[in-house]
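Going by the numbering used here, the sequence shown opens with residue 6, and the numbers climb by one from there.
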Amino acid sequence: MLKILEDLVTLARERKSNPIVDSYTNKLLEDKSLAKEKVIEEINELIEAVEQDTNKNHEAADVLYHLIMYLEKSGIKIEEVMEELNKRKK
């Protein structure tokens, strides 16, 4: 199941190295402002979906996708985020 998230990270890193023209993923990886705006937008849409009990999984998937792209664009390695979460276990 978590392989899908790993695949998204791999996709982001591959697209950074080998951009594809007109790729939405590349647009996010090239434009930090756009990536940031999309994370904020998708989080708001997820909150609304949860409150209205509609499209929750769809909106949650959008949040994860856009967050991964934003982290990659910002030079934040998901491995380091996971390590930080691991440190917080009690």
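A virtual CB, placed ideally from N, CA and C, is assigned to each residue, including glycine. Keep in mind that this is a model prediction, so the values were computed, not measured.
| Query | Result |
| --- | --- |
| Beta-carbon contacts of L16 that lie in its chain and below 8 Å, excluding the five residues immediately before and after | T30 |
| Rounded separation between L76 and D36 - CA only | 12 Å |
| Three or more C-beta pairs below 8 Å linking the stretch 49–66 and the stretch 14–28 | no |
| Cβ neighbour criterion (16 or more within 10 Å) applied to D67 | buried |
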